[in-house]
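Contents: one structure, followed by commentary.
Residue numbers (our numbering): 5 to 101.
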């Protein structure tokens, strides 16, 4: 990845975080309350997220990476399981020689 595309990726990431923070900070506490942002502003923010996502995908493809980066929760179960090397090759119930 070139220095220029790395910088662009960093800018896109910061823009995504700032937009998400604005949405979070302006969201009403209860669904019964009206959102302080106009419907047009909300649509514009969604369009910005879409453009950011599209450009991030393009940069990933140009770099030869599959664009599978997705957010995850820290308490989410990992996709892979770690196995101890010492447990490999031993059948349960079999004694070591």
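We put the CB at the ideal spot given by N, CA and C, even for glycine.
Exclusion of the five residues before and after residue 40 leaves 30 and 32 as the residues of its chain whose Cβ lies within less than 8 Å of its Cβ.
Per DSSP, residue 30 is one residue of the alpha helix (DSSP H) stretching across 7-30. Nearest neighbour of residue 46 by Cα position, chosen from 27, 18, 11 and 90, turns out to be 27. By alpha-carbon distance to residue 10, the top candidate from 36, 83 and 59 is 59.
The straight-line gap separating the alpha-carbon atoms of residue 79 and residue 48 is approximately 32 Å. DSSP places residue 61 within a helical segment (H, G or I) once states are collapsed to three.
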